[in-house]
Amino acid sequence: SPPRAFGASRTEGGIFRGKAFGNTSKLSDYPELEPQGKIRVYLSNLDPAEMVPLEMRSSFSMNHPVVSNAKPVLQALSGHYSPTRKNHIFIMDDDEWSPMGRFEKAIGFDDPISWSIEGNNQVLHLLLVN
């Protein structure tokens with residue numbers, strides 16, 4: 005006879021059907037399926053109020069998974085471009101530059117961000133000001 009199941013009412017055919025926490029796949033388990041976006045970075049010493057965003061050309065760009073918060077984007081950016089940590093960070097929001105603060109403050113707040121659509125790509129515009 006099979007061993008007695010102490011404390012369990014059923015050993016198979018229960019209501020959870022193998023969907024215990026961690027027993028199913030999530031999108032984050034497959035990083036190759038995460039949508040990739042492009043971060044366009046603008047460098048300037050000018051007052052952002054005097055700059056027309058649509059007339060500017062980005063200083064450089066990088067690919068990054070589309071995320072909803074600023075922290076992972078800023079961490080990736082500072083890894084690729086170390087002077088980021090000394091700058092004021094602005095993000096494009098409704099065709100205007102919105103301040104996020106100095107790098108350390110911006111990464112600490114972890115504000116929500118929104119990506120814009122350009123063609124078939126999701127794009128995030130960041131301005132770094134000395």
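This note's numbering puts the first residue of the sequence shown at 5, with every later residue one more than the last.
Backbone N, C-alpha and C fix where the C-beta goes; we use that ideal spot for every residue, glycine too.
Tell me whether residue 46 is buried or exposed, calling it buried when 16 or more other Cβ atoms sit within 10 Å of its Cβ.
-> Position 42 of the sequence shown, counted from the start, is the residue given in the question as residue 46. Buried is the call here.
Using three-state DSSP, classify residue 77 as helix, strand or coil.
-> For this step, residue 77 is matched to residue 73 along the sequence shown. Helix at residue 77.
Would you mind working out which of 56, 82, 91 and 38 sits nearest residue 69, comparing C-alpha positions?
-> Residue mapping note: residue 69 aligns to position 65 of the sequence shown, counting from 1. Selected option, being the one with the closest Cα: 38.
Which residues in the same chain as residue 114 place their Cβ atom closer than 8 Å to its Cβ, once the five residues preceding and following it in sequence are excluded?
-> Here residue 114 refers to the residue found at position 110 when the sequence shown is read from its first residue. Cβ within range, chain order: 73, 74 and 75.
In terms of alpha-carbon separation, which member of 105, 120, 100 and 98 lies closest to residue 90?
-> Taking the first residue of the sequence shown as position 1, residue 90 is located at position 86. The shortest Cα separation from residue 90 among 105, 120, 100 and 98 belongs to 105.
Inter-residue Cα distance where the pair is residue 71 and residue 101 = For the purposes of this step, residue 71 is identified with residue 67 of the sequence shown, where counting begins at 1. For the purposes of this step, residue 101 is identified with residue 97 of the sequence shown, where counting begins at 1. Between residue 71 and residue 101, the C-alpha separation is close to 19 Å.
How many Å lie between residue 81 and residue 43 at the Cα?
-> By 1-based counting over the sequence shown, the position of residue 81 is 77. By 1-based counting over the sequence shown, the position of residue 43 is 39. So the alpha carbons of these two residues sit roughly 9 Å apart.
Expressed to the nearest angstrom, what Euclidean distance is found between the alpha-carbon atoms of residue 133 and residue 99?
-> Your numbering for residue 133 matches position 129 in the sequence shown. Your numbering for residue 99 matches position 95 in the sequence shown. Straight-line Cα distance between these residues: approximately 17 Å.
Run the CB neighbour count on residue 128, radius 10 Å, all protein chains shown included, and call it buried at 16 or more, exposed below.
-> Stepping through the sequence shown from its first residue, residue 128 is reached at position 124. When all chains shown are included, residue 128 counts as buried.
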